[in-house]
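Read through the structure below, which is laid out as structure tokens, and then see the notes.
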Amino acid sequence: MIATVEVSREATTARLRPLLRAVQEALVAGVVVSGQIHRQHGWQRAADPHLDRQLVRRHAMEQLLPWSASVGEQLTFDVGDGAGENLGLPMSGLIITTEADVVRVWYSEDGELPPADTAALRAFYAQAPTTQLALDGTPPVGNHVALLWADRGGALSRLELVRPWWRGGRHPEADWRADLLR
Numbered sequence: 727m728i729a730t731v732e733v734s735r736e737a738t739t740a741r742l743r744p745l746l747r748a749v750q751e752a753l754v755a756g757v758v759v760s761g762q763i764h765r766q767h768g769w770q771r772a773a774d775p776h777l778d779r780q781l782v783r784r785h786a787m788e789q790l791l792p793w794s795a796s797v798g799e800q801l802t803f804d805v806g807d808g809a810g811e812n813l814g815l816p817m818s819g820l821i822i823t824t825e826a827d828v829v830r831v832w833y834s835e836d837g838e839l840p841p842a843d844t845a846a847l848r849a850f851y852a853q854a855p856t857t858q859l860a861l862d863g864t865p866p867v868g869n870h871v872a873l874l875w876a877d878r879g880g881a882l883s884r885l886e887l888v889r890p891w892w893r894g895g896r897h898p899e900a901d902w903r904a905d906l907l908r
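The number in the working numbering is simply the position in the sequence shown, starting from 1, with 726 added.
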């Protein structure tokens, strides 16, 4: 039996506030690190936007690992087999699972959610409870949200929490959105 979790914008944002602050700080730091690496090598960020985003994502993950340990089992990252060398991170973002929520952190300049092109994304958007990262006896997690971010000029220009709602087709809709930079 799945425990009922309040999924309104207000309740979800309040419940996730410490995590959202930590992710925001990690993304800001990642943007700085990516900028430094690009400047050191004389690279143009626009020449390879995927590298820029991966550097931000990787630094954010490293910065969030100690935070994860400080809250115990409440927060787990989807880091694959734990071998250390291969973090098992999805190329497009981070997946963070708490007791009540699954947060997928994605880069999105336009605020759009990625198309529902895989069964995993369709289940995520449909708010189907997931046991992907659950330990034995742990109830599935049922509130799925996306944290969409973008940067411009070395600063975050978007940080938006979105609860997706999928009714079929390729493009999910938003049940609600919360602009976290306001």
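Where a beta carbon is used, it is the ideal one built from N, C-alpha and C, also for glycine.
Exercise. Who pairs with residue 821 in a beta bridge, going by DSSP?
Worked result: Within the sequence shown, numbered from 1, the residue matching residue 821 stands at position 95. Residue 821 is bridged to 830.
Problem set entry | Check whether residue 824 and residue 907 have beta carbons under 8 Å apart | Here residue 824 is taken as the residue at index 98 of the sequence shown, counted from 1. Here residue 907 is taken as the residue at index 181 of the sequence shown, counted from 1. Not a contact, by the Cβ cut-off of 8 Å.
Exercise. What is the C-beta distance between residue 898 and residue 845, in whole angstroms, given that I count them as a contact (C-beta under 8 Å)?
Worked result: Residue numbering aside, residue 898 sits at position 172 when the sequence shown is read from its first letter. Residue numbering aside, residue 845 sits at position 119 when the sequence shown is read from its first letter. Under the criterion of beta carbons closer than 8 Å, residue 898 and residue 845 do not qualify as touching, at roughly 14 Å.
For this session: Measure the alpha-carbon distance for residue 837 versus residue 767 and round it to whole angstroms.
Result: Numbered from 1 along the sequence shown, position 111 holds the residue referred to as residue 837. Numbered from 1 along the sequence shown, position 41 holds the residue referred to as residue 767. Cα-Cα distance, rounded: 30 Å.
Exercise. Looking at the structure shown, is residue 779 part of a helix, part of a strand, or coil, going by DSSP?
Worked result: For the purposes of this step, residue 779 is identified with residue 53 of the sequence shown, where counting begins at 1. In this structure, residue 779 counts as helix in the three-state DSSP scheme.
For this session: With DSSP as the reference, label residue 806 as helix, strand or coil.
Result: Mapped onto the sequence shown, residue 806 falls at position 80. Any answer about residue 806 is weak, because its pLDDT of 45 lies below 50 and its placement is not dependable; what the coordinates show is given next. Reduced to three states, the DSSP call for residue 806 is coil.
Exercise. What number of angstroms, rounded off, separates the C-alpha of residue 828 from the C-alpha of residue 761?
Worked result: Along the sequence shown, read from residue 1 onward, the residue named residue 828 stands at position 102. Along the sequence shown, read from residue 1 onward, the residue named residue 761 stands at position 35. Taking the straight line from one Cα to the other gives about 29 Å.
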